[in-house]
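Undergrad: In our numbering, the protein residues as written are 2 to 691.
Heads up, the beta-carbon is just placed ideally off N, CA and C, and yes, glycines get one too.
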Amino acid sequence: MGSSRAGEYHAGWMPSTKRSDDPGARIESLRQMLEEANRAYYVDADPVMSDRDYDQRLEELSGLEAAHPEFASADSPTRRVGGQPVDGFVSVEHSIPMQSIDNSYDPDDIAAWCARVRKGLELGEGDAGPVFCCDPKIDGVAISLRYESGRLVQAVTRGDGRRGDDVTAQARAIRAIPLRLGGEDPMPAVLEIRGEIFMTNDVFDAINAQRAARDEPLFANARNVTAGTLKSLDPGVVASRRLCFSAHGRGVVDGFEPGTYSGFLEAIRSRGVPVSPHARTVEDLPSMLELLVAFQADRSGLGYGVDGMVVRVDAFAMQERLGATSKAPRWCVAFKYPADQGETVLEDVTWQVGKGGTLTPRATMQPVELAGTTVRHATLHNIEEIRRKDIRVGDRVVVEKAGEIIPQVVEVRLDARSEASQPIEPPAACPSCGEAVHQEGPKLYCMNPECPAQLRERIAWFAGRNQMDIDGLGEKIVDQLVERKLVRHLADLYVLSVEQLADLEGLAEKSATSLVSAIDVSRDRGMARLLASIGIRQIGSAAARTLAKAYPDMDSLLDADRESLQSLPDFGEITAGILYETLHSSRGTELLDRLREAGVRFTSDLHGQEAPGGRMAGLTMVLTGTMEHGSRTELARRLESLGATIGSSVSRRTDVLVAGAKAGSKLEKAHELGIEIWDEARLLSELGED
DNA sequence: GATCCTCGAGTTCG
DNA sequence: CTCGAGGATC
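Shown next, in the form of structure tokens:
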């Protein structure tokens, strides 16, 4: 229908046909044309008028209205931006709260939800299930629009769900939102439509390009600009930003009775309200899952951000029977597509001090959703990496999660770079102690052995689960111990009193007592753990175990010369040299003396231990993924006690890969190399036989 | 000297 | 989890 109308409009807009004889009729016709053009663009996605034509008609209308004030109307398209800038926002209570929706990332969760819905509706095995309606979850800002007798009277943001801000003036400036509902009479007395305000990628890119040209800071993503725009007090700004709207719910309704959500969407659509063209109803779980998966592939072509699909029970009567928990409705769930990549803006770079004095650049970014978590930080590794990727503060960057866990900055959007972006300079001094920075290749080091940041990291490492395992000595406590100078040296931990600890923030007498006893218990971890805990370069858990197998106690290790150290497996010139130097340096001997004085055990439990000739003797195994029966380390210990060697990466020399849930690249590699793979059940049955 | 392998180090979020 | 570097192996 759109294209034939376009012809009509054009005919009506010949300059020669200016009808000064009947301004009232012309005004009315212009108003209809403009609103119809909005509708064609935003509701039918079938534009009938160019932007230029739209603006020219708007100008003509505006002129006529000024000349003939008797025809003024609050619903005129000219009034969309005519509103005065508002002073501030008035908080308004939602008559029906705008609840949030439960999220899930897993088809199994959707299946479980379906089962809960069936149960909630008291459906038996044989009964037909409810019809579901699925529509895209657009990444925007939720809003509630109130129409009374077809006129937009109020727009309120979601806010905290109970109360939001009145943004009526802003909403009126959004052309996608009809000021008057169309369709047949009778108009519903009250109709609250809820939906999402959002911005298309094109508009977003254009705005950022403009900001880059003006050296203004860039926006992280379209949702942030949308939210920012709605908070703009000037409706003119809102109008210029070209926001879109798509309805996805209802609030108070009076005189409007579709019985289903899909029917509701269709009904408001016919009244001129934009709804998603991708909403579909499905009758059962398999076709629902098929739809969810199929849409995942399509969504990137939509031209705006969609982070999932909302699935809901279609019939309102059933929705009411299912009700809601305190947090979210039971009849509705969002299936989220885990984002593998996201774009955001790099706001700052700080330099972190590691336990060995390494300075590592750490990016702070505007928050971005990635694989189900909100990411704010990423490591930039070193200054070389920063130069290679040409990363600057203020840049738009592409972030992704390596192996679903650790965020990384993949690249910089150089096309969106602002002149104001700041190159990242390596620090001349340690951010913690101010000591001069020393460079070795691409790496920077703080050489001050007394540096408080280093001490903090070393204590935290020492207390860690895989080292001395001091329960209750977390980051917060360590910070205070260093700050109050209660601990200036690792050995100081062993003379802390309950009184001293109870004085710390977040630590009353009871937890202080248990912390003291946790520290006490840690004296007995033995030589292997102790060596790995004190932070000697190159000496981690494996090297420490090698040493603890070769020497019965610390004293015999201290007696060993470089040559004997170098003859140990996996000890070369460098590792042996560093170890020897560290142990015999003044700091090294002082540390060991003080730990010995503190009563820390220096003897080895592993000395002379040969590979026990267990059932798994000679097998090299690697564990990956999440295990349900005990931690990976725990299971590894049990395998080792049966004679297996536990490796950390998969190679040709690996005999068996034990893969738990959510195994990643290691499982893939094992497949490639044709290595035997056990699942957790297989592992347990192998272990269970002893 | 080249290549493969393993360990250590740094790392994010809830 | 990934990268880089040290060690082992050919």
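Note down, in chain order, each residue of its chain lying with its Cβ closer than 8 Å to the Cβ of N1, except the 5 sequence neighbours on either side.
TA: Residue 1 lies beyond the stretch modelled for the chain, which goes from 2 to 691, so this question has no answer here.
Undergrad: With M366 as the anchor, note down where its alpha helix (DSSP H) starts and where it stops.
TA: Stepping through the first sequence from its first residue, residue 366 is reached at position 365. Premise fails: M366 lies in the beta strand (DSSP E), 359-371, not in any alpha helix (DSSP H).
Undergrad: Within 10 angstroms of its Cβ, does H378 collect 16 or more other Cβ (buried), or is it exposed?
TA: What you label residue 378 is simply residue 377 of the first sequence in a count that begins at 1. Classification of H378: exposed, given that the 10 Å Cβ count is below 16.
Undergrad: From V253 to E193, what does the alpha carbon distance come to, in whole angstroms?
TA: Numbered from 1 along the first sequence, position 252 holds the residue referred to as residue 253. Numbered from 1 along the first sequence, position 192 holds the residue referred to as residue 193. Each residue's alpha carbon lies about 5 Å from the other.
Undergrad: What is the rounded straight-line gap between the Cα of R602 and the Cα of A660?
TA: One-based indexing of the first sequence puts residue 602 at position 601. One-based indexing of the first sequence puts residue 660 at position 659. Between R602 and A660, the C-alpha separation is close to 36 Å.
Undergrad: From which residue to which residue does the alpha helix (DSSP H) around E506 run?
TA: Within the first sequence, the letter at position 505 stands for residue 506. Careful: E506 lies outside any alpha helix (DSSP H) and carries neither H nor E.
Undergrad: Leaving aside the five residues before and after T79 along the sequence, list all residues of the same chain whose C-beta is less than 7 Å from its C-beta, in chain order.
TA: For the purposes of this step, residue 79 is taken as the residue at position 78 of the first sequence. Cβ within range, chain order: L59, L62, S63, E66.
Undergrad: Start and end of the beta strand (DSSP E) containing P137?
TA: On the first sequence, position 136 is the one that residue 137 refers to. Residues 133-139.
Undergrad: Is it true that the stretch 146-157 meets the stretch 182-196, where meeting means three or more beta-carbon pairs spaced less than 8 Å apart?
TA: As far as the Cβ criterion goes, the stretch 146-157 touches the stretch 182-196, which means the pair count is three or higher.
Undergrad: Does the separation of the CB atoms of G758 and R40 fall below 7 Å?
TA: Here the chain comprises residues numbered 2 to 691, so residue 758 is not present and cannot be evaluated.
Undergrad: Would you call the stretch 289-306 and the stretch 160-172 touching, i.e. three or more CB-CB distances under 8 Å?
TA: The stretch 289-306 vs the stretch 160-172: no contact.
Undergrad: Assuming the contact rule is C-beta atoms closer than 8 Å, A325 and G260 should be a hit. Round their C-beta distance to whole Å, please.
TA: Along the first sequence, one-based indexing puts residue 325 at 324. Along the first sequence, one-based indexing puts residue 260 at 259. Wrong, their Cβ atoms sit about 19 Å apart, outside the cutoff.
Undergrad: Leaving out five residues on either side along the sequence, give the residues of the same chain with a beta carbon under 6 Å from the beta carbon of F463.
TA: Position 462 of the first sequence, counting from 1, holds the residue named residue 463. Only M469, L491, S534 meet the Cβ criterion.
Undergrad: Go to E193, then tell me how far its alpha helix (DSSP H) extends in each direction, as first and last residue.
TA: Numbered from 1 along the first sequence, position 192 holds the residue referred to as residue 193. Careful: E193 lies outside any alpha helix (DSSP H), inside the beta strand (DSSP E) at 191-199.
Undergrad: Taking the beta carbon of M448 as the centre, do at least 16 other beta carbons fall within 10 Å, making it buried, or is it exposed?
TA: What you label residue 448 is simply residue 447 of the first sequence in a count that begins at 1. Flag for M448 reads exposed.
Undergrad: Cβ atoms of V276 and Q171: under 7 Å apart, would you say?
TA: Looking up residue 171 in the first sequence gives position 170. Looking up residue 276 in the first sequence gives position 275. No, Cβ-Cβ distance for Q171 and V276 is not below 7 Å.
Undergrad: Rounded to a whole number of angstroms, what is the C-alpha to C-alpha distance between L182 and T374?
TA: Position 181 of the first sequence, counted from the first residue, corresponds to residue 182. Position 373 of the first sequence, counted from the first residue, corresponds to residue 374. If you take the alpha carbons of L182 and T374, they lie about 39 Å apart.
Undergrad: Find the nearest neighbour of L153 within the set R173, R159, G141, judged by alpha-carbon distance.
TA: By one-based count along the first sequence, residue 153 stands at place 152. Of R173, R159, G141, the residue nearest in Cα terms is R173.
Undergrad: Taking DSSP as the reference, what is the three-state secondary structure of W332?
TA: The residue labelled residue 332 in the question sits at position 331 within the first sequence. In this structure, W332 counts as coil in the three-state DSSP scheme.
Undergrad: Which class does N104 belong to by DSSP, given the choice of helix, strand or coil?
TA: Within the first sequence, the letter at position 103 stands for residue 104. It is a strand residue.
Undergrad: Taking only the alpha-carbon atoms, compute the straight-line gap between L508 and L502 and give it to the nearest angstrom.
TA: Within the first sequence, the letter at position 507 stands for residue 508. Within the first sequence, the letter at position 501 stands for residue 502. L508 and L502: Cα-Cα distance of roughly 7 Å.
Undergrad: For L381, I'd like the list of residues in its chain whose CB is within less than 6 Å of its CB, leaving aside the five on either flank, ordered along the chain.
TA: Against the first sequence, residue 381 aligns to sequence position 380. For L381, where only same-chain residues beyond five positions count, the Cβ hits under 6 Å are P362, A364, I387.
Undergrad: Which residue's Cα is closest to the Cα of L124: C135, R270, R322, I111?
TA: By 1-based counting over the first sequence, the position of residue 124 is 123. It is R322.
Undergrad: With 16 other CB atoms within 10 Å as the buried threshold, where does S498 fall?
TA: Taking the first residue of the first sequence as 1, we reach residue 498 at position 497. Classification for S498: exposed.
Undergrad: Which residue wins for smallest C-alpha separation from V142, given the options T201, Y338, G536?
TA: The residue given as residue 142 occupies position 141 in the first sequence. Among T201, Y338, G536, the Cα nearest to that of V142 is on T201.
Undergrad: Would you report the Cα separation of S5 and S30, rounded to the nearest angstrom?
TA: If you number the first sequence from 1, residue 5 lands on position 4. If you number the first sequence from 1, residue 30 lands on position 29. Unreliable positioning characterises S5 in this predicted model, as indicated by a pLDDT of 39, which lies under 50. A coordinate reading is not provided.
Undergrad: Look up V168 in the DSSP assignment and say whether it is helix, strand or coil.
TA: For this step, residue 168 is matched to residue 167 along the first sequence. Of the three classes helix, strand and coil, the one that applies to V168 here is coil, per DSSP.
Undergrad: With C-beta atoms as the reference, is L566 less than 7 Å away from L580?
TA: Residue numbering aside, residue 566 sits at position 565 when the first sequence is read from its first letter. Residue numbering aside, residue 580 sits at position 579 when the first sequence is read from its first letter. In this structure, L580 lies closer than 7 Å to L566 by Cβ.
Undergrad: Using the rule of at least 16 other Cβ atoms within 10 Å of the residue's Cβ for burial, across every protein chain shown, is K511 buried or exposed?
TA: Stepping through the first sequence from its first residue, residue 511 is reached at position 510. The residue is exposed, with fewer than 16 neighbouring Cβ atoms inside 10 Å.
Undergrad: Would you say Q481 and L456 are within 7 Å of each other, going by their C-beta atoms?
TA: Locating residue 481 in the first sequence gives position 480, counting from the first residue. Locating residue 456 in the first sequence gives position 455, counting from the first residue. For Q481 and L456, no; Cβs fall outside 7 Å.
Undergrad: Which residues share a DSSP beta bridge with W352?
TA: The residue labelled residue 352 in the question sits at position 351 within the first sequence. Bridge partners of W352: P362.
Undergrad: Could you give the first and the last residue of the continuous beta strand (DSSP E) run that contains R251?
TA: Stepping through the first sequence from its first residue, residue 251 is reached at position 250. Here the beta strand (DSSP E) through R251 covers 245-255.
Undergrad: Give me, in chain order, the residues of the same chain whose beta-carbon lies closer than 6 Å to that of C115; leave out the 5 immediate sequence neighbours on both sides.
TA: In the first sequence, residue 115 corresponds to position 114, counting from 1. Here the set comprises L286.
Undergrad: My output table needs one value for I540: the three-state DSSP class, helix, strand or coil.
TA: Taking the first residue of the first sequence as position 1, residue 540 is located at position 539. In this structure, I540 counts as coil in the three-state DSSP scheme.
Undergrad: Assign T590 to one of two classes, buried (16 or more other C-beta atoms within 10 Å of its C-beta) or exposed (fewer than that).
TA: On the first sequence, residue 590 is found 589 positions in, with the first residue counted as 1. Exposed is the call here.
Undergrad: Please return the same chain residues whose Cβ sits closer than 7 Å to the Cβ of A113, not counting the five positions on each side in sequence.
TA: Position 112 of the first sequence holds residue 113. Here the set comprises nothing.
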